[in-house]
Amino acid sequence: METKELMMNVVALGILVVTVIVNVCIQLGTGVIYVFWIEHAVIMFLMVVLFAILISSSLAIPVTKSYLDLKYNKKFKVAEKECSNSCNTSITRKLRNDLMRYWMMAHTCNPQFVTGRLATCIASGAFCLLGAMVLAEAILRSYLMPWCFTFCNGESDYRWSTTLILVTQSVAVGGGTIGPALRWFIAIKFMCPKKTNKSYKIGFSSVEKYWVQILRQLKDCPLNLRISGRHGRKLVHNAKNKALDLCILIQKAMNGGKEATQISYTTFGETESFEGFEGVQKFDSEQVPSLDFEEPPNSWALPVVTLTSIAIAISNTDFHPVKELIKCVNEGLKYIRVIENNLDIKRDLTNIRKAAEVVWAGVDLHYRWLDVELLEMAVQGRSLKDIISELSDIAKNKFMELRKNDVSFCLSSSPSKWPLKVLAANSMYRICQTLLLTTDNRSIDCSKVMFERLTAMISDVIGACLTNLQLAITMECHQSTIEQREECVRHAFHLLGEAEKILEILSCQQLMSSNPQKFACINEWRAVTREKDQQHFKSSPTSSDSDFSISSDLYLNID
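Heads up, the sequence shown is in the numbering used here, so the first residue is 2 and it goes up one at a time.
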């Protein structure tokens, strides 16, 4: 809650408190309320005290949030240094330990967690409990000792509704008292522990097993009930066992539902040597002439979406691999979004990422790239070269048309700010032209070979993007407001559970740079790869630019 909203709520509550107190005082002075004077006075006094406590707590919250945020940032830097020093453990275990630290920091720095443990909030629990006891005392006295009070004679016009109002308000008071009272009792128990109590250290990963063990111990223990008949004792004992069996079953089912779900759309080859994700460099050639003076930057998602669209258009009649490909790409894009949301700090690629989302919505739901029906192109029986050339021409024409008619295109200061359809058309044009330039006649006449090539490119781009997943999971933990940080850490835990296997495999690969943030953007990846290829070309001049191997360390398993 922001400071402005907090102030408005406090003012609104203050108006309500003053109104209630003035109303009760008027009724006491005019004789409308002529019984339970002491109880009304005590309740009004408690209302004033609780409101004063609320004001003092509210004044401390903005400063407390700033202090907690500052302390969190300092502790986060210390935790990062400690995490970087632990190099002997596996990447998933290291990341799990790091997330455990981040979660503990985020949880203990949560303003709600800290505010609930302030002395003022704990004291409010005692006053709330006292107010509930005063209400209970008044109700019990009115029903158990009616001769002590002189009520009005006759029947009230409200009849049964007064009893309903009394019950409803009593339930509301009881429900509102439980939370503050429990905080007060916990504080007392913490400040005055019993010497006989023993502390048990339970790891976070074994909490579920601990509760199952406790339930089994309760099942084994006999009940301390004095029931005379043997059949009665047996019936109660069996009922207890059945109830605990049900609780154990529910607990195990909840644990099973929390098991990590591994992502299944990518698998790695069994190659011992690492050749790099060649498709990241091969899907867009520098030999393709630009449609404008400047070229927009690429995102991870847009090439994947465009390559998938081309794969659908050349699929001919065999549509089963296409369905599997779309399913796999859909899973991959889920993690690409996480990576781009966390690593695109400057938000330079926001428009390009939106273009990928718009294009993918049509491809995934309708097999349509913008307004082009991809399935119709696939079943027309034309050659692959004609299909790719037609897609290239359509993209070029759309680019020119939008460039001519769209005013925002002319007013945009940067290519990354181009309209969404312009960015999608430019990507389709460049990738289609690259395929026409770098594919030999034999490959372009074979649908299966071309589909495998496109699949390998998609796999390489997704695999290269997933190398940033570890950094994205770490960034997920602290790129948010202090109130949302704990939820972000939980989401990071969920991502780690899904991608644990892929992280283990990627940890075995050696990247071209020791700086992981250098590969957060696909443009930086391509620049580093291009520089490495130029150095390799100088050392081995027999290498050919047009060669492309569809075997890769990462491929899509669509069998």
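A virtual CB, placed ideally from N, CA and C, is assigned to each residue, including glycine.
A quick note: this is a predicted structure, and the numbers were derived from the prediction, not measured.
* To do: Check whether the Cβ atoms of M451 and I315 sit closer than 8 Å, and answer yes or no.
  => yes
* Hey, out of C110, K328, N98 and I56, whose CA is closest to S67's CA? -> C110
* To do: If I'm right that L424 touches P297 with Cβ under 8 Å, what's the distance once you round it to whole angstroms?
  => 6 Å
* So, are the CB atoms of A493 and C478 less than 8 Å apart? -> yes
* Through-space distance from K347 to L71, alpha-carbon basis -> 22 Å
* Asked: With distances taken from CA atoms, which of F128, M101, A61 and Q170 is nearest D80?
  -> For the sequence presented, residue 80 should be read as Ala rather than Asp. When only C-alpha atoms are compared, the closest one is M101.
* Does the Cβ of S91 have 16 or more other Cβ atoms within 10 Å, making it buried, or fewer, making it exposed? -> exposed
* To do: Answer with buried or exposed for K5, where buried requires no fewer than 16 other C-beta atoms within 10 angstroms of its C-beta.
  => exposed
* Helix, strand or coil for V36 per DSSP? -> coil
* To do: Indicate whether the contact test is met: 3 or more Cβ pairs, each with one atom in the segment 355–367 and one in the segment 387–398, closer than 8 Å.
  => no
* **Delimiting residues of the alpha helix (DSSP H) encompassing F114** => P112 to T116
* **Every unbroken beta strand (DSSP E) within the segment 289–313, with a cutoff of 3 residues, ordered by chain** => none
* Asked: Do you know offhand how far A182's Cα is from G126's?
  -> 5 Å
* Could you tell me whether the segment 299–318 touches the segment 470–490, using the rule of 3 or more Cβ pairs below 8 Å? => no
* Do R531 and Q282 have their CB atoms nearer than 8 Å? -> yes
* Asked: Ordered along the chain, which non-local residues of its own chain (more than five positions away) have a Cβ less than 8 Å from that of G117?
  -> R184
* Asked: For I474 versus L507, is the C-beta spacing smaller than 8 Å?
  -> no
* To do: Alpha carbon to alpha carbon, how far is N406 from L334? Give it in angstroms, no decimals.
  => 32 Å
* Option nearest N352 by Cα separation, candidates N524, K422 and A133 -> K422
* To do: Pull up the DSSP beta-bridge partners for W370, would you.
  => V373
* Asked: Helix, strand or coil: which one does DSSP assign to D158?
  -> coil
* Asked: If you follow the alpha helix (DSSP H) that H495 is part of, which residue opens it and which one closes it?
  -> R486 to E499
* Asked: How would you write the range of the alpha helix (DSSP H) that C433 sits in, first residue to last?
  -> L421 to T439
* Give a single yes or no on whether R454 has its beta carbon closer than 7 Å to a heavy atom of the ligand COA. => Among the components modelled here there is no ligand, and therefore nothing to report on the ligand COA.
* Within the same chain, show all residues whose beta-carbon is closer than 8 Å to that of I432, passing over the 5 residues directly before and after it, in chain order. => F284, D285, P304, T307, L308 and I311
* Asked: Using a Cβ-Cβ cut-off of 7 Å (strictly less than) and excluding sequence neighbours within five positions of D372, which residues of its own chain qualify?
  -> none
* Asked: Contact check, W38 vs L47 under 8 Å by CB: the rounded distance?
  -> About 15 Å; that fails the 8 Å criterion.
* Rounded to whole angstroms, what's the CA-CA distance from M106 to Y73? Just pull it up for me. => 7 Å
* Write down the C-beta distance between A133 and V174 rounded to the nearest angstrom, noting that I regard them as a contact closer than 8 Å. => 6 Å
* Given that a residue counts as buried once 16 or more other Cβ atoms are within 10 Å of its Cβ, and exposed if not, what is F128? -> buried
* Is the Cβ-Cβ distance between L1 and S58 less than 8 Å? -> Shown here, the chain extends from 2 to 560; a query on residue 1 therefore has no answer.
* Run through DSSP, which three-state label would T482 get? -> coil
* Simplified DSSP assignment, three categories, for V380 -> coil
* **Environment of Q170 [buried if 16+ CB atoms lie within 10 Å]** => exposed
* Asked: On the three-state DSSP scale, how would you describe D285?
  -> coil
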